[in-house]
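Protein chains in written order, with the numbering used here: chain A, 5 to 131; chain B, 5 to 504; chain C, 13 to 512. We treat Cβ as the ideally placed atom computed from N, Cα and C, and that holds for glycine.
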């Protein structure tokens with residue numbers, strides 16, 4: 005049992021981060037904090053992917069004389085890592101758009117607190 | 005003679021399309037009133053001509069059919085001019101001619117607003133009514149039935165006052181719900197039979213159907229067509245919808261809308277379930293119970309109405325249930341009577357509505373209590389009214405007697421004495437709510453009628469003609485249009501023979 | 013060369029144009045519009061070409077760089093994806109034609125970056141539809157989501173907040189999907205959909221697969237705005253500028269629906285999701301709740317765009333329900349409804365935009381029949397769209413409802429049948445409320461002279477670039493309704509996945 009937890013500590017860490025991020029994104033009132041939550045959430049997924057293809061003592065899958073072709077267990081599947089490069093880019097882009105939105109919200113409403121924001125929005129709707 | 009043969013013909017499609025094509029023309033000529041009215045009249049005459057041209061073949065059981073386009077895999081938007089369809093189309097298109105003339109007199113007499121819209125939707129309504137009549141399968145029937153619902157709505161709210169808008173809402177609530185039920189019923193039927201084509205003797209004729217399923221399905225169908233047929237307790241939209249202009253009430257609530265409801269009831273009984281299955285499962289008992297209840301209660305409610313149009317509306321409800329009752333009795337004579345009552349009641353009721361409209365246009369009176377002495381001022385109108393009243397009560401020689409006779413005969417055939425008693429009581433009630441009106445009009449002296457004359461000929465001529473027609477049809481049911489033989493043909497097709 | 017590469021062309025052309033617009037149109041703003049027109053027209057043409065080719069030769073697999081999957085990336089053009097591409101590109105073209113004047117007029121949108129974003133979003137849509145592997149789908153999902161946030165945020169004052177909320181929920185949704193992809197990849201070792209489909213049957217008992225499918229369904233549920241994940245939608249659609257809402261409302265959620273369908277049936281397999289995991293049942297129930305909830309919320313809205321947004325929530329439910337029924341008729345209904353809803357929502361949102369341009373608002377309670385007198389054509393198009401929404405024949409709305417009803421009956425799911433029928437009645441309530449406003453004169457002011465003032469009756473229709481797309485969409489609703497069988501038989505029936 006303990007082995008199961010310890011053996012997968014990377015995943016557990018990712019899940020912990022995920023919960024943390026989700027909590028931040030949903031429960032926090034400040035828009036920036038929400039974004040931080042989203043960023044943590046996305047990072048946790050990256051960790052999850054990376055952890056899924058990590059191996060002690062293995063190397064990149066480029067043919068190595070010392071290891072040989074037959075010993076495939078010594079090579080790492082690089083695909084999750086490369087996928088995560090894309091995911092990081094996507095995450096950065098999301099953050100960029102999100103901060104642009106936050107700036108625009110702040111310019112219009114002079115607040116980043118969601119509850120205040122909702123009140124001010126409601127006033128606009130009534131007009 | 006009982007074998008049906010089919011041939012492809014575009015005539016049914018043309019009959020549907022004529023008024024649909026007239027509709028945009030009516031809009032385009034909205035500025036020129038005479039041209040606009042010309043389109044309406046021309047379309048109604050052409051439509052009637054097309055329908056009449058189908059009669060001889062229908063009598064010989066040669067059925068014109070046409071599938072237009074496949075609207076669902078395996079189901080086509082198809083038209084079929086079978087005797088029953090031709091019968092109903094004949095009634096609707098024939099009476100449209102009178103209504104067109106009458107409408108022109110009516111809206112001009114009142115200097116009504118939005119006349120173009122009025123004629124436009126009238127034309128669409130007629131198209132969809134003919135579509136309902138000629139629908140070859142259930143899905144086509146549903147399609148036209150729904151179009152009819154929507155096209156009638158602008159006519160119901162035509163006056164655009166609070167009352168008519170409320171009436172419109174109520175109308176939509178009832179009819180759209182009914183439409184939904186009908187769609188559900190159609191879909192269930194399709195799931196069971198994989199076939200939606202109407203067939204004399206029933207789609208379910210050779211299909212084993214569990215009794216529970218049959219009951220649910222029948223109730224769905226009844227909910228679908230029963231609202232337009234205004235079987236109690238689904239009737240309450242009809243008196244409310246009398247807020248519409250009188251020609252609308254006349255055509256739509258005596259001919260097109262409610263009649264497509266009862267037409268649907270007969271279609272469902274004879275062409276979907278088939279008399280045999282209905283009888284075996286006892287489904288017809290629902291019809292008899294509801295119809296009997298409606299006949300009596302609606303007549304009683306008619307008694308206490310003071311508004312003339314509302315009284316006519318309740319009378320319509322009661323008479324529609326004659327047809328439902330006839331269909332429910334399931335004997336050949338009763339169904340013959342029911343089918344003929346579709347036409348004959350239409351002729352009589354349209355006369356009465358025309359009279360109500362004429363009184364409204366001419367004297368601006370809507371209530372029965374104000375009608376004292378009107379007969380002396382408007383003798384033609386009230387004369388026609390008297391003829392219609394006599395007919396609906398079921399006194400010969402007006403045509404109401406004929407259809408009622410057959411329904412009564414059918415009740416005897418089915419050994420259903422209660423139905424017969426209901427018919428007799430209802431006749432008395434009819435007399436009780438119609439004759440006082442005639443009495444007031446002719447035998448009491450009214451006030452404030454000096455200097456008033458008969459309404460404009462546009463209004464009076466159609467109602468006199470329909471009244472004369474009612475009498476002629478009473479003396480000779482086959483007069484001009486072969487109503488009797490068409491109905492006879494339908495019944496022979498359904499039962500494979502007839503015994504009277 | 014074009015014919016062999018046509019599968020991959022649409023996203024690439026759109027991407028290329030999106031990037032080049034800001035460069036080319038830097039000096040001359042007007043060029044941007046023409047470039048958008050060129051890009052979308054080309055993608056429409058290619059989509060047409062693709063769909064005919066798929067119908068002729070069957071599914072086309074396009075391998076990027078000649079790498080054979082599962083190593084290489086592939087695009088798949090099967091009947092489903094080619095159909096979706098066509099629908100989305102055609103709608104986009106029409107909405108963008110409409111945008112010619114509106115984008116400049118509405119607030120202070122800078123048209124050049126706006127159009128670049130639009131093309132980027134369309135590129136994302138096309139990419140999602142064509143992508144043959146799971147990770148590419150994610151990347152395109154993010155491309156279109158990010159552009160959507162941008163497109164929404166340039167609207168009214170509240171728009172950035174709506175966009176921000178959408179971003180938070182949307183980012184969580186796509187992350188969930190990515191996580192699901194991770195689980196799937198860990199278990200199967202492949203990202204290619206076809207490949208995964210062939211591996212997965214051996215792994216049906218693995219808990220990771222179940223985790224993966226749940227995460228993916230939640231992710232797409234958010235993108236698709238299935239109840240209870242719909243929270244972002246009403247605000248986003250309401251505050252976005254006209255063109256954005258008219259672009260995103262018909263297409264955005266459909267993409268989610270498409271991805272859901274693709275993943276459930278073409279990656280995990282029909283029997284697995286329906287019989288083993290019952291995920292489709294959950295989807296169907298959630299959708300059914302969404303249908304009713306959306307309709308009821310729509311009734312209580314006073315702002316037309318918000319009403320349309322809530323009606324989107326409900327209509328998405330139709331699609332979800334169709335997918336969840338998991339039988340051929342339900343699928344046909346769902347896919348047909350994707351097209352139908354895309355057309356009618358585009359039409360209705362454009363009409364709302366046209367009203368806003370002329371009146372400065374689209375508040376239902378402030379509308380009067382003046383708007384109809386001034387814009388008869390726009391309002392007529394709205395009427396057709398509304399009727400299609402309610403499901404009145406012969407509009408295509410009736411037929412998608414018909415197929416869905418057949419699907420529910422096939423599964424004997426009577427609750428869903430009732431939900432569908434009740435929902436169409438609720439739709440009738442909120443649309444006829446608007447129709448009453450725009451067609452009938454206000455009840456309160458009965459001053460006839462005031463109503464018949466000459467300047468009130470003067471036509472003041474929107475410019476032709478804003479009117480023609482609306483009319484095309486409205487006419488398409490009727491024409492496609494009558495011809496729906498061609499689409500159903502020709503394309504949609506070919507989409508039905510194995511095992512259904």
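In the DSSP assignment, find the alpha helix (DSSP H) that holds residue i and state where it starts and stops.
| i | result |
| --- | --- |
| residue 353 of chain B | 336-367 |
| residue 448 of chain C | 426-451 |
| residue 443 of chain B | 421-447 |
| residue 71 of chain C | Unbroken run through residue 71 of chain C: none, as it is neither H nor E. |
| residue 165 of chain C | 146-165 |
| residue 207 of chain C | 205-211 |
| residue 76 of chain C | Careful: residue 76 of chain C lies outside any alpha helix (DSSP H) and carries neither H nor E. |
| residue 417 of chain B | 404-417 |
| residue 107 of chain A | 83-113 |
| residue 478 of chain C | 476-494 |
| residue 38 of chain A | 35-56 |
| residue 243 of chain C | Per DSSP, residue 243 of chain C belongs to no alpha helix (DSSP H) and is neither H nor E. |
| residue 493 of chain B | 487-499 |
| residue 176 of chain B | 166-197 |
Kindly indicate the opening and closing residues of the beta strand (DSSP E) around residue i.
| i | result |
| --- | --- |
| residue 74 of chain B | 66-76 |
| residue 398 of chain C | No beta strand (DSSP E) contains residue 398 of chain C, which is instead part of the alpha helix (DSSP H) from 388-402. |
| residue 11 of chain B | 9-12 |
| residue 80 of chain B | 79-85 |
| residue 87 of chain C | 86-89 |
So which residues of chain C does residue i contact, with C-beta pairs closer than 7 Å?
| i | result |
| --- | --- |
| residue 181 of chain B | 437 |
| residue 292 of chain B | Simply none; closest approach about 28 Å. |
| residue 29 of chain A | 180, 184 |
| residue 91 of chain A | 190 |
| residue 176 of chain B | 440, 444 |
| residue 56 of chain A | 194, 198 |
How would you list, in chain order, the residues of chain A whose beta-carbon sits under 8 Å from the beta-carbon of residue i?
| i | result |
| --- | --- |
| residue 176 of chain C | 35, 102, 105, 106, 109 |
| residue 154 of chain C | 94, 97, 98 |
How should residue i be labelled, buried or exposed, when 16 other C-beta atoms within 10 angstroms of its C-beta is the threshold for buried?
| i | result |
| --- | --- |
| residue 462 of chain C | Confidence at residue 462 of chain C is low in this model, with a pLDDT of 43, below 50, so its placement is unreliable and no value can be given for it. |
| residue 201 of chain C | exposed |
| residue 70 of chain C | exposed |
| residue 212 of chain B | exposed |
| residue 36 of chain B | exposed |
| residue 464 of chain C | In this prediction, residue 464 of chain C has a pLDDT of 47, which is less than 50 and means its spatial position is unreliable; what the coordinates show is noted afterwards. Answer is exposed; the Cβ neighbour count stays below 16. |
| residue 242 of chain C | buried |
| residue 503 of chain C | buried |
| residue 467 of chain C | No answer about residue 467 of chain C holds up, because its pLDDT of 46 lies below 50 and its placement is not dependable. |
| residue 387 of chain C | buried |
Mind listing the chain B neighbours of residue i? Cutoff is C-beta to C-beta under 9 Å, in chain order.
| i | result |
| --- | --- |
| residue 98 of chain C | Residues of chain B passing the Cβ test: none, with the nearest at roughly 21 Å. |
| residue 414 of chain C | 75, 76, 143, 146, 187, 190, 191 |
Along chain A, in chain order, which residues have C-beta atoms closer than 7 Å to that of residue i?
| i | result |
| --- | --- |
| residue 173 of chain C | 109, 121, 125 |
| residue 165 of chain C | 105, 108 |
| residue 187 of chain C | 45, 46, 49 |
Can you check DSSP and say which residues form a bridge with residue i?
| i | result |
| --- | --- |
| residue 371 of chain B | B:311 |
| residue 315 of chain C | C:375 |
Given that residue i touches chain C, what residues does it touch there, using C-beta distances under 8 Å?
| i | result |
| --- | --- |
| residue 13 of chain B | Ordered by position in chain C, no residue passes the 8 Å Cβ test against residue 13 of chain B, which lies about 21 Å from the chain. |
| residue 195 of chain B | 418, 421, 422 |
Practice task
Count the C-beta pairs between the stretch 489-496 of chain B and the stretch 61-72 of chain B that are closer than 8 Å, then say yes if the count reaches three, no if not.
Solution key: Under the 8 Å Cβ criterion, the stretch 489-496 of chain B counts as touching the stretch 61-72 of chain B, having at least three qualifying pairs.
Practice task
Could you tell me whether the stretch 347-363 of chain C touches the stretch 474-494 of chain C, where touching means 3 or more Cβ pairs closer than 8 Å?
Solution key: They touch, by the three-pair rule.
Problem - Given 8 Å, three or more beta-carbon pairs between the stretch 207-218 of chain C and the stretch 69-85 of chain A - result: Contact between the stretch 207-218 of chain C and the stretch 69-85 of chain A is absent, because fewer than three Cβ pairs lie under 8 Å.
Exercise for the section: Tell me, please, whether the stretch 43-52 of chain A touches the stretch 147-161 of chain C by the rule of three or more beta-carbon pairs shorter than 8 Å. Expected result: Judged by Cβ distances under 8 Å, the stretch 43-52 of chain A makes no contact with the stretch 147-161 of chain C, as fewer than three pairs qualify.
Exercise for the section: Tell me, please, whether the stretch 425-445 of chain C touches the stretch 178-187 of chain B by the rule of three or more beta-carbon pairs shorter than 8 Å. Expected result: Under the 8 Å Cβ criterion, the stretch 425-445 of chain C counts as touching the stretch 178-187 of chain B, having at least three qualifying pairs.
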